[in-house]
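The listed protein sequences derive, respectively, from chains Y and X. In terms of the working numbering, the first sequence has 486 at position 486, counting the first letter as 1, and numbering is strictly consecutive. If you want the working numbering, it's the 1-based position in the second sequence plus 1000. C-beta: ideal position from N, C-alpha, C; glycine also.
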Amino acid sequence: MTFNPLLLWYIPLLPFAGFLINGTLGRRLPRPAVTVIALLATGLPASIVLMLWRRMTESGTLSISSTIGQWIHVTGFHVDFTFSVDHLTMIMLAVVTGVGFLIHLYSAGYMAHEDGYWRFFAYLNLFMFFMLVLVLAANFLLLFVGWEGVGLASYLLIGFYFKKDSAANAGKKAFIVNRIGDFGFLLAMFLIILHYGSLSFDQVFAAIGASDVHGGFLTAIALLLVVGATGKSAQIPLYIWLPDAMEGPTPVSALIHAATMVTAGIYMVARCHTLFDRSPYALAVVAVIGAATAIMAACIGMVQHDIKRVLAYSTISQLGYMFLACGVAAYSAAIFHLVTHAFFKALLFLAAGSVIHALSGEQDMRHMGGLWKKIPWTSGTMLVGVLAIAGIPPFAGFFSKDEILYRTFADTDNPIAKLLWLVGLITAGMTSFYMFRLWYKTFWGDRRFDEHAALQDHGATVHAKATSTLVMEAEHDDAQAAHPHGVHESPAIMLLPLVVLALLSVVGGWVGVPTAMHGSNEFERFLEPVFQSAGSLEAVSAAAHESHGLEIGLACVSVATALIGWFFAWLFYAKKPGAAAAIAAKANPLYNLVANKFYVDEIYNAVFVTGLLFATRVLLKGFDQIGIDGSTKFVGWMAMNLSDDTRRMQSGNIRSYAGWLALGAAVVMAVMIFGRGIWVH
Amino acid sequence: MDHSILSLIVLTPLVGALVLALLPDKGKTMQWGALIVTLLTFLFTLHLPFRYQDGLPAGSFQFVQDSSWIPNPAIRYHVGVDALGMWLVVLTGFLAPLGVLASWTKIDSRKKTFYVLFLLQQVAMLGLFVALDLIIYYAFWEMTLVPMTILIATFGRTKDRRKAAIKYFVYAFVPSALLLVGMLWLYFKTGTFQLPDLAKAAAEHHISGNGPALWLCSLAFLVAFAVKVPIFPLHGWLKDAICEAPTAAVMVLAGKTGLYSILRFSFAIFPEQSHRVAPLMIALGAIGIVFGSLIAITRKDMKELAAYSTLGHLSFVTLGIFTFTISGLDGGIYQILNHGISGGALFLLLGFLYERYGTYDMRDLGGLAAQLPWMVTLYVVTTLSLIGLPMLNSFVGEFLILSGSMQANNPHHILWTVMATTGVILSAGYMLLMIQRVFYGSLGVVSERTTPHDLNFREHVAMWPLVALMLLMGVASPYWMKTLDANGVSMATVPSPVLPVVATKSPLTPSFVDPELKAGALHEKATPAPEGRRY
């Protein structure tokens, strides 16, 4: 089967067309039309990706690229509009279009009662456009287009309920924090141009491969790229925007802040692996950032009450795992976890959205409980997601997380690899704990929600935290009236994506069963052409053959850890509810520290925001007013005084005139005699 | 070959101004008249890019008209453009009708004065971009000052308008006097006012062997231009002038003329001095970006915010052109055009908001997004363009500038690049803050009591060409760059080092000078005259 490379351009451009149509005309179109346009705009690219996939399985390998013109061209430097697809891109394309389409479908049900329906889908399509550009890009600058663009879409979608100050603030915060990351990314690109004169992946990586540079400026470039990645993928120190991003509608959290956009940093590091392989120092930094973020976010996640925030911290923590994997040069493991995480985290968010939908906007788990009988589909699919993320075999998360932990343990380049593994293991236990905590608190035990209130609130649905004065005005259309009131299961259009994602969360890991467990690790072999030059890969695979016993042993340890996490969750939240609160009360200072997210937001605010504004107000404004304006006024004042003095010279007094005349003559003579050189050369 | 198209472009608004001055100020005569004249001018300017020839040798001008005017001193009517001048002429022509549309209802008294001055301003700017004779150039340069000053003084927003006008005038006028001295000194040394001749003489080190004098002269040029840009810290006039001036005037107030003049005259006539002063200018550029952006964050008044953001954006251009790298120069020149478009769009939108709400204070506004969907859409697009979102125009310019700055052969170039790059964070900061305060959240005091009406037809017509260009220039930059690149390449060439000064006879000898002075000028020993006998 032939594949026209130009079709690659339709993959992102179709969502863009959807954005343009819905963005300009959507206000006047009926809702079904908006839905159809948005779904087509994501469904058609998905089918193109499917065609690509078929062609790839037929020919066994895949490497397509297509250039349609130049974007920037100055003498000595140019950037083209080039897309290329290799195996890594293929996986990202499949995830983005597949999960993206499912979430679009879900949104059609979830957003049905919201005002600004067309706006929502326009932004969502815009996001798809930029995300697809990001993964298809064949050079740094085009990748940066997607990189900034998804940030923009994220800004617009987080601030979707723009009348709420918290949402507008969260959107702005996300954009600006991401810009800090972009600052690093930009500087990295400038250095790459300085040293290689090009931004094309092929050229730059070939040049790096051909040279024998290790460390040095490559470390600088790699670290700057890491700055970019920490911004986009919400790692220490720039993770602070992601929890706030939960102000956006839940499908947005599922698509952008869990499954796709936030994994862009991981993708970028994997894409630039040639560069990172040359800089052990940068890799070590990546690994440490990843491990530290994983455990820190897991700590905070254990004490959150808002169902979406638990998931947000869980996302940060899981992204930490992926960073850790990149840091030990196990790129395919990182991408594997990226894929399984996309499945189960999208599932968890969508299920959480379904819960919130059922409770008409309630997000606090303290006001949930006992929901499993009311919304069985949601609770069932969510349980699958919980099992997957907790790392219980044979669910997807087990295989990918285990791969990362094993690779970390087996890494010989990093002197603190064993410590990093231990951190990862502890995090796995915590993950299991907070996820089961979430499930028990939501679906198990006593009912703590007010069914009556839920019923009344339904008139004005706000899926984000309902602040009744600020709610968007809901449209009371027919669909609304037909909707069952009270706590209710979601409509089929929302359940279908849940079921599909639940299935994927079960079987998604089976493509990467390690050889130690009698699998063939197809996933890793699939990515081998991309990461071949990683060098360490063959070595690790070779080592893996010798240590099957070790790998299985480690797997048993991590399963045991996950079970311990589950046990405590069951003990505290199913068996003896209230025990957790008692413990929290006992360890009060510690609990407060964690519950307040280690006060990082407050510290950043005090140091950066307040500090900067204070400095600006006092120093710069002072300079502008006193220095610039003041000097202008001073000059004016001088001029006035001088002219005042000059005026006095015209006194009408002959003697004084004669005096001035003599003085002038003296000056002229002095110039003539001594100063000739000044004038004539 | 003699062309008359440039003269036609300059004369059209001049004739238009005369006609408007004679017509009665009734109904919408003035608006329509000005609109027709500006559209006609714009149409003529479009002739240039269609007929522009690529690939001519660096430093050559096209559409040249060169005829003698005054034999002594040798002032010629000499006009012509290269890619830089051409695109600035087109940009000026393009923005003028939008300026008229922006003033359509806002200016409702003394319309005749307004539109006549507005057209004269056009004449001055167009003339400035095409003049190749220093004296003609200087005449247009001074002419840009007068209508603008009167516009600010007459149509300013608050009672401080006269102060702002005087400040602007004095700031721009005083260095201009020095500029004139510099020009006369050049004439005295070379006997010509023609830019191509001067550039050639400069490249061959024939202007003067007197290093310090040449330095002083180059500074007289640079300072006069830098004030007009403005380059930090010469921006004292900017905030007041922008806050006071009516929208149509603000759109052409800052940036273009000063930056063009630096590129055209400072770089061509004083290549060595410009290279020597570059480290300082790069530093000022980087500082200006951070300074302007930081102050903008603290502003509550939208026009003040826009003024400081203008300083920040123009500092990007300063940084870029003084790197003397191809990327930096190309990006800098491109960014001049971008700033004209995106900055112009921002000022248009601010003007529209002011017409509706009568305030620029963000604290009084808020929650407008739900009331003015088109306004917020265009505002967000303009903001994204200004903060350099890829695929929109400014990104191309800023990216090239910063990457050029990283490549610059300049001490501490990494430091200045890093500092300048923080501008991308800060600009996002103040612009998004402004959007949030004006459009999001709950309704403000003023927006609550004003009946909202979204953009009307006229305003749509004014905005959409700008928005289209933002996208087009962001995606299809090679179309512009392929012509502009020649400028960048020729300016990025490092000047040949100073040769030992040899006494050379300039072929162009002015005839009015005193023979003795002339001898001095040509570096010959004057006939020795005993001191005593002379005096």
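In the assembly as shown, E602/Y is an exposed residue. Its beta-carbon has fewer than 16 other beta-carbons within 10 Å.
For S1447/X, the uninterrupted alpha helix (DSSP H) run begins and ends at V1445 to R1449, by DSSP. In this structure, V1376/X sits away from F1457/X, with a CB-CB distance that is not shorter than 7 angstroms.
Between M246/Y and K308/Y, the C-beta gap is smaller than 7 angstroms, which places the two residues in contact. For F144/Y, the chain X residues whose Cβ falls inside 8 angstroms of its Cβ are P1390, in order along the chain. The C-beta of R179/Y comes closer than 7 angstroms to at least one C-beta of chain X. About 6 angstroms separates the Cβ atoms of I493/Y and A108/Y, confirming a contact at the 8 angstroms cut-off.
Within chain X, Q1436, Y1440 and G1441 have C-beta atoms less than 8 angstroms from the C-beta of A168/Y, given in sequence order.
Annotation: L134/Y has no Cβ neighbours in chain X at a cutoff of 9 angstroms; minimum Cβ distance is about 11 angstroms. P1071/X counts as exposed, since fewer than 16 other beta carbons sit within 10 angstroms of its beta carbon. CA-to-CA, the gap between K401/Y and H104/Y works out to about 28 angstroms. Where G265/Y is concerned, the enclosing alpha helix (DSSP H) starts and stops at A264 to R271. DSSP lists I64/Y as the beta-bridge partner residues of V85/Y. A buried status is given to Q1121/X, since no fewer than 16 other beta-carbon atoms sit within 10 Å of its beta-carbon.
Rounded to whole angstroms, the separation of the alpha carbons of L199/Y and G397/Y is 35 angstroms.
The C-beta of Q1407/X comes closer than 7 angstroms to at least one C-beta of chain Y. Between the C-alpha atoms of L1329/X and H78/Y there is a straight-line separation of about 15 angstroms.
If you draw a straight line from the Cα of N1487/X to the Cα of M1362/X, it is about 41 angstroms long. Per DSSP, R437/Y is one residue of the alpha helix (DSSP H) stretching across A417 to F443. Nearest to L419/Y by C-alpha distance, out of L405/Y, L40/Y, W53/Y and V310/Y, is L405/Y.
In the DSSP assignment, Q1065/X falls within the unbroken beta strand (DSSP E) covering Q1062 to I1070. Taking the CA atoms as reference points, L225/Y sits about 8 angstroms from V269/Y.
The CB of I626/Y never comes closer than 9 angstroms to any CB in chain X; the least such distance is about 12 angstroms.
The beta carbon of I72/Y sits closer than 7 angstroms to some beta carbon of chain X. Taking all protein chains in view, the Cβ of W1087/X is crowded by 16 or more other Cβ atoms within 10 Å, so the residue is classified as buried. Using a C-beta cut-off of 8 angstroms, the segment 1303-1310 of chain X makes no contact with the segment 1278-1289 of chain X, since fewer than three inter-stretch Cβ pairs fall below that distance. Taking every protein chain shown into account, the CB of L1043/X has fewer than 16 other CB atoms within 10 angstroms, so this residue is exposed.
Apart from sequence neighbours up to five positions away, the residues of its chain that approach Y117/Y with a beta-carbon distance below 7 angstroms are R31, V34 and M111, ordered along the chain.
Nearest neighbour of S65/Y by Cα position, chosen from G18/Y, I48/Y, N4/Y and L50/Y, turns out to be N4/Y.
The CB of A1428/X comes closer than 8 angstroms to the CB of F175, I176 and R179 in chain Y, given here in chain order.
Ranked by Cα distance from T1247/X, the options G1358/X, G1351/X and R1051/X are led by G1351/X. D364/Y is bridged by DSSP to D306/Y.
For I1075/X, the uninterrupted beta strand (DSSP E) run begins and ends at I1075 to V1081, by DSSP. Within the same chain, Cβ atoms closer than 6 angstroms to the Cβ of F185/Y are found at G228, the five residues on either side in sequence being excluded. Around the beta carbon of Y1479/X, a 10 Å sphere encloses fewer than 16 other beta carbons of the protein chains shown; the residue is thus reported as exposed. Under the three-state reduction of DSSP output, H73/Y falls in the strand class.
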